[in-house]
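Asks: Can you keep this structure in mind? I'll have questions shortly.
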Amino acid sequence: MGFLQNLFKNRTKHADITICGLDDAGKTTILRFLETGEFVDTTPTMGVNRETLHLPGLQINVFDLAGQEDFRNMWHSINEKSDGIVFVVDRSNAVRFSEAKEVFMSTINAQLDNDVTVLVLLNKSDVPDVIDKTQFITEFGLIDLPFKWAIFETSARTGEGIFHSFKWFVEEFLG
Ligand SMILES: Nc1nc2c(ncn2[C@@H]2O[C@H](COP(=O)(O)OP(=O)(O)OP(=O)(O)O)[C@@H](O)[C@H]2O)c(=O)[nH]1
Ligand SMILES: [Mg+2]
Numbered sequence: 005m006g007f008l009q010n011l012f013k014n015r016t017k018h019a020d021i022t023i024c025g026l027d028d029a030g031k032t033t034i035l036r037f038l039e040t041g042e043f044v045d046t047t048p049t050m051g052v053n054r055e056t057l058h059l060p061g062l063q064i065n066v067f068d069l070a071g072q073e074d075f076r077n078m079w080h081s082i083n084e085k086s087d088g089i090v091f092v093v094d095r096s097n098a099v100r101f102s103e104a105k106e107v108f109m110s111t112i113n114a115q116l117d118n119d120v121t122v123l124v125l126l127n128k129s130d131v132p133d134v135i136d137k138t139q140f141i142t143e144f145g146l147i148d149l150p151f152k153w154a155i156f157e158t159s160a161r162t163g164e165g166i167f168h169s170f171k172w173f174v175e176e177f178l179g
């Protein structure tokens with residue numbers, strides 16, 4: 005028993021996470037900031053952008069999904085194998101708020117049989133006159149989510165909230 009415990013004690017944990025949200029929300033830019041520590045210019049994702057983040061004791065496979073409507077039908081099969089879902093919203097775009105809500109609800113409803121952790125990122129917080137966080141929580145019905153969840157205000161341009169939110173998320177996996 006002691007031998008086996010020693011053998012597995014330092015084993016690296018693995019987690020699969022997906023990053024979802026409408027096109028232009030800032031998903032890939034957030035992932036690039038996590039990887040490089042700075043703002044990096046991106047192009048729209050076509051299909052899936054898969055990356056691996058290596059942290060002490062934890063390897064995270066990230067599936068950065070394309071947000072354009074034509075690609076959304078592939079989300080479910082990837083999300084259902086995920087331990088965590090990051091849902092990114094462009095909080096500066098009030099015009100697409102109801103579309104974002106609809107896509108968020110269908111993403112969540114498709115996961116009701118899975119035990120996932122949900123991280124909601126109100127991105128583009130550097131832009132003036134953004135949607136208020138409390139209003140957002142109410143409108144998106146986050147209080148009633150049947151999952152462990154958290155919401156953070158982020159900017160993938162300035163880095164605000166990026167590492168802080170990700171730390172919360174990772175700590176959920178590390179237990
Ligand atoms: N001002 C501002 N712009 C941002 C922020 N995050 C991303 N952007 C910009 O928003 C645009 C879209 O960013 P992406 O990261 O490519 O968006 P995406 O969600 O990956 O889009 P798809 O791959 O099409 O689903 C780019 O021009 C980014 O530079 C942010 O926090 N603030
Ligand atoms: Mg992208």
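So the sequence shown is residues 5 to 179, counted in my numbering.
Note that CB positions come from ideal geometry on N, CA and C, so glycine has one too.
#1: Compute the minimum distance between the beta carbon of Asp45 and the heavy atoms of ligand 2, and state whether it is under 8 Å.
#2: Taking the beta carbon of Ile166 as the centre, do at least 16 other beta carbons fall within 10 Å, making it buried, or is it exposed?
#3: What residues in its chain sit with their C-beta under 6 Å from that of Pro60, if we drop five residues either side in the sequence?
#4: Quick check: does the Cβ of Pro132 come within less than 8 Å of any heavy atom belonging to ligand 1?
#5: Determine which residues share a DSSP beta bridge with Lys17 and list them.
#6: For Phe17, count neighbouring Cβ atoms within 10 angstroms of its own Cβ and tell me buried if that reaches 16, exposed if not.
#7: Which first and last residues belong to the beta strand (DSSP E) in which Lys152 is found?
#8: Beta carbon of Val44, beta carbon of Arg54: below 9 Å?
#9: Please look up how many angstroms separate the CB atoms of Asn127 and Ala160, rounded, as I've assumed it's under 8 Å.
#10: Drop a sphere of 10 angstroms on the beta-carbon of Ile147, count the other beta-carbons inside from all chains shown, and report buried for 16 or more, exposed for fewer.
#11: For Trp79, count the other beta carbons within 10 Å of its own beta carbon; 16 or more makes it buried, fewer makes it exposed. Which is it?
#12: Does any heavy atom of ligand 1 sit closer than 8 Å to the C-beta of Asp27?
#13: For the 8 Å Cβ check, are there 3 or more pairs between the segment 20-30 and the segment 95-113?
#14: Is DSSP giving Asp148 helix, strand or coil here?
#15: At what residues does the beta strand (DSSP E) containing Leu44 begin and finish?
#16: Using three-state DSSP, classify Ile135 as helix, strand or coil.
Replies: Considering the structure as presented:
#1: For the purposes of this step, residue 45 is taken as the residue at position 41 of the sequence shown. Flag unset: Cβ of Asp45 not near ligand 2.
#2: If you number the sequence shown from 1, residue 166 lands on position 162. Label assigned to Ile166: buried.
#3: Residue mapping note: residue 60 aligns to position 56 of the sequence shown, counting from 1. No residues qualify anywhere along the chain.
#4: Start at 1 with the first residue of the sequence shown, and residue 132 comes out as number 128. No, since every heavy atom of ligand 1 falls outside the 8 Å radius drawn around the Cβ of Pro132.
#5: In the sequence shown, the residue the question calls residue 17 occupies position 13. Paired residues: Leu62.
#6: Within the sequence shown, the letter at position 13 stands for residue 17. Per the sequence shown, residue 17 should be read as Lys rather than Phe. Flag for Lys17 reads exposed.
#7: Here residue 152 corresponds to residue number 148 of the sequence shown, with the count starting at 1. Lys152 -> beta strand (DSSP E) spans Lys152 to Glu157.
#8: As a first step, residue 44 must be located in the sequence shown, where it is residue number 40. As a first step, residue 54 must be located in the sequence shown, where it is residue number 50. Contact: no.
#9: For the purposes of this step, residue 127 is identified with residue 123 of the sequence shown, where counting begins at 1. For the purposes of this step, residue 160 is identified with residue 156 of the sequence shown, where counting begins at 1. So it is a contact: roughly 6 Å between Cβ atoms.
#10: Here residue 147 corresponds to residue number 143 of the sequence shown, with the count starting at 1. So Ile147 ends up on the exposed side.
#11: Position 75 of the sequence shown holds residue 79. The residue is buried, with at least 16 neighbouring Cβ atoms inside 10 Å.
#12: Looking up residue 27 in the sequence shown gives position 23. Yes - ligand 1 has a heavy atom lying nearer than 8 Å to the Cβ of Asp27.
#13: yes
#14: Taking the sequence shown and counting its residues from 1, the one referred to as residue 148 is at position 144. Of the three classes helix, strand and coil, the one that applies to Asp148 here is helix, per DSSP.
#15: If you number the sequence shown from 1, residue 44 lands on position 40. Looking at the sequence shown, residue 44 is not Leu but Val. Premise fails: Val44 is in no beta strand (DSSP E) and is neither H nor E.
#16: Against the sequence shown, residue 135 aligns to sequence position 131. Coil at Ile135, not helix or strand.
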